[in-house]
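Take a look at the structure below.
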Amino acid sequence: MGLPGFPDAAPLAGLAGGVLIGLAAALMLLGAGRIAGVSGIAARAFAIGEGSMPRGAAFAFLIGLPLGALVVAMASGAPAPQFASPLLLAVAGLIVGIGTRLGSGCTSGHGVCGMSRLSQRSLVATATFMVTGFATVAAMNALGIEVLP
Amino acid sequence: MMRDGAVALASGTIFGAGLALGGMTDPARVRGFLDLFGAWDPTLAFVMGGAVVVMAIAWAFQKRMQRPLLGPSFALPNRSDLTPRLIGGSALFGIGWGIAGLCPGPGFAALAIDAPSAAIFVAAMLAGMMLVRLVDRPA
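As given, the protein sequences belong to chains A and B, one line each in that order. When the count follows the numbering used here, it moves up by one through the first sequence with no breaks and lands on 149 for the last residue. When the count follows the numbering used here, it moves up by one through the second sequence with no breaks and lands on 1139 for the last residue.
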């Protein structure tokens, strides 16, 4: 089912995916008492950041991410998506790594877990990375930089 | 310990399935959302909306609980100070997110979809995290 005016949008799949993400984060919160923030968990798993989460559990969470994605990819049979060039992926990854550590979180920790609890820091962080995300894509488009063939 | 790992694995797996189902492991979908002034794709707003509503309900339960169902105590952030570090870091993160259309969760999840591409992104991301740590606490 589509969205009037946005033929490429997938609102129902998006909503279903979002509910699953929310349930996953709720399981982490109500089950283990922790925030399902991927950048923080990644830093914990690789001994970059401190935290109360056992490193083994942090790795288990990270291993689950591709497992879950694999199940959905196999079930849907959709064609594989395009990714940016290795150079752009490396530059983007480096900036994301630096930014999420300085900013104490990413789309999951701030955007999902923090915003839903009306954390002032998360609301400001999310507004900030959305605005710079919009600006980055707009600037790259204006400069004619093609990311995905 | 084992229980911690089991909860984390289940949470990560459901999280990864949600990311893929919502289209977040497709950089074109994410960049489409960030292309607000071009061919805007609002799908990510539905993903975020669904996740935030479910989590808002979870927080309402959390407030009434003394401890988590399977653990000794809650370990939750409680800061509320807005610092240049928070805002500058988030601004940088948004730039990286916009360049490749990947954030940390989909980066790991995409290891199952395009392993070489996702591995480059994840390795660079971990390097960036390490860099911040080295600057914060020189070895």
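Glycine included, each C-beta is placed from N, C-alpha and C at the ideal position.
Who are the near neighbours of GLY49/A in its chain, counting only those whose CB is closer than 6 Å to its CB and skipping five residues on each side?
Closer than 6 Å at Cβ, skipping near neighbours: ALA43.
Between the segment 10-25 of chain A and the segment 1029-1048 of chain B, are three or more C-beta pairs nearer than 8 Å?
In short, these stretches touch, since the Cβ pair count reaches three.
If you draw a straight line from the C-alpha of LEU94/A to the C-alpha of VAL1132/B, how long is it?
Approximately 11 Å between the Cα atoms of the pair.
Smallest Cα separation from ALA1091/B: which of CYS113/A, LEU20/A, ALA135/A?
Nearest to ALA1091/B by C-alpha distance, out of CYS113/A, LEU20/A, ALA135/A, is ALA135/A.
Would you please verify whether the beta carbon of PRO7/A is less than 7 Å from any beta carbon of chain B?
With 7 Å as the cut-off, PRO7/A does not count as an interface residue toward chain B.
Beta carbon of VAL1054/B, beta carbon of VAL72/A: below 7 Å?
Not in contact: VAL1054/B and VAL72/A (Cβ atoms no closer than 7 Å).
How would you write the range of the alpha helix (DSSP H) that GLY64/A sits in, first residue to last?
Counting along the chain, GLY64/A sits inside the alpha helix (DSSP H) bounded by residues 55-76.
Just verifying my parser: in three-state terms, what is the DSSP assignment at LEU1141/B?
The question about residue 1141/B has no answer, for chain B in this structure spans 1001 to 1139.
Using 8 Å for Cβ pairs, my map puts ALA147/A next to ARG1031/B. What's the rounded Cβ distance?
The amino acid at residue 147/A is misidentified as Ala; the sequence shows Val. Between ARG1031/B and VAL147/A the Cβ distance is about 7 Å, and since that is below 8 Å, they are a contact.
Taking 7 Å as the threshold (beta carbon to beta carbon), is PRO149/A in contact with chain B?
Closer than 7 Å: no.
Since PRO4/A meets chain B, which of its residues come closer than 7 Å, beta carbon to beta carbon?
What PRO4/A touches in chain B: nothing, since even the nearest Cβ is about 11 Å away.
Chain B beta carbons: is any one of them nearer than 7 Å to that of MET28/A?
Interface residue (Cβ-Cβ distance to chain B less than 7 Å): MET28/A is classified as such.
Rounded separation between GLY56/A and ILE1113/B - CA only:
So the two alpha carbons sit approximately 24 Å from each other.
Look at the alpha carbon of LEU88/A and the alpha carbon of LEU1126/B, and state the distance between them as a whole number of angstroms.
Rounded to the nearest angstrom, the two C-alpha atoms are 16 Å apart.
Could one say the Cβ of VAL1135/B lies closer than 7 Å to chain A's Cβ atoms, at least one of them?
So, not an interface residue.
Could you tell me which residues DSSP puts in a beta bridge with PHE6/A?
In the DSSP assignment, PHE6/A forms a beta bridge with LEU3/A.
Smallest Cα separation from PRO81/A: which of ILE98/A, GLY105/A, SER39/A, PRO149/A?
Nearest C-alpha to PRO81/A among ILE98/A, GLY105/A, SER39/A, PRO149/A: PRO149/A.
Just curious, the alpha helix (DSSP H) that VAL1053/B is in, first and last residue?
Taken as a continuous stretch (DSSP letters only), the alpha helix (DSSP H) holding VAL1053/B covers 1043-1063.
is_contact[MET115/A, chain B] using C-beta, thresh 7 Å:
Interface residue, yes.
Have a look at PHE83/A, LEU143/A, VAL124/A, GLY5/A and flag the residue whose alpha-carbon is nearest the alpha-carbon of LEU1094/B.
The sequence given here has Gly at residue 1094/B, not Leu. Answer by Cα proximity: VAL124/A.
CB-CB under 7 Å to ALA1020/B, same chain, minus the five flanking residues each way: which ones, in chain order?
The residues are ALA1109.
Output the distance between the C-alpha atoms of LYS1063/B and GLY1005/B, rounded to the nearest integer angstrom.
Near 24 Å, if we compare the C-alpha coordinates of GLY1005/B and LYS1063/B.
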